[in-house]
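Worksheet for the structure shown next.
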Amino acid sequence: MMTKDDVTELFANIAENAPWDLSQPLLWGYYFTNPTSAPLEQAAALLALQGYRPVELYQPELDDPAAAPVWVLHVEKAEVHGVDSLHARNGELMAFAQDNQLASYDGMDVGPVGAPDVPQL
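Numbering-wise, the sequence shown is residues 1139 to 1259 according to this note's numbering.
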């Protein structure tokens, strides 16, 4: 999980380098991993009930062909975050992954609301 210092650095980087207004909603993407897809499909449904939009469930290409396969769930939500709220959200999503026996909460990304859509689940 990102530390609070990591989140602080992320916000400083966004403020310095991105043309986004941090006081307005941004599109926050959150990622979960698991060796099988079924638990991620269930997680997507639960997260949708909490206002997240399931975006994609996929198997990424792995650099190591001998590595065990992994599935990735990408969900997103338009919201305003500051350092404290994003740090808290990361903790909530890590707990969600543990409670739902997923391999991991794999982190987040951010972009402007209204970015080109990725196919939905």
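C-beta: ideal position from N, C-alpha, C; glycine also.
- Message: Using CA atoms only, rank isn't needed, just tell me which of P1203, R1191, L1164 and D1222 is closest to L1211.
- Response: Closest by alpha carbon: R1191.
- Task: For P1257, I'd like the list of residues in its chain whose CB is within less than 6 Å of its CB, leaving aside the five on either flank, ordered along the chain.
- Result: Caution is warranted here: a pLDDT of 48 is assigned to P1257, below 50, making its placement in the model unreliable, and the coordinate value is therefore given only provisionally. Excluding positions up to five away in sequence, the list is empty.
- Can the beta-carbon of D1244 be found less than 8 Å from the beta-carbon of Y1169? Yes, these two residues count as a Cβ contact at 8 Å.
- Task: Please classify N1172: is it buried, with 16 or more other beta-carbons within 10 angstroms of its beta-carbon, or exposed?
- Result: It is buried - the Cβ of N1172 has at least 16 other Cβ atoms within 10 Å.
- Item | Alpha-carbon spacing of L1185 relative to D1237, whole angstroms | The C-alpha of D1237 is placed about 13 Å away from the C-alpha of L1185.
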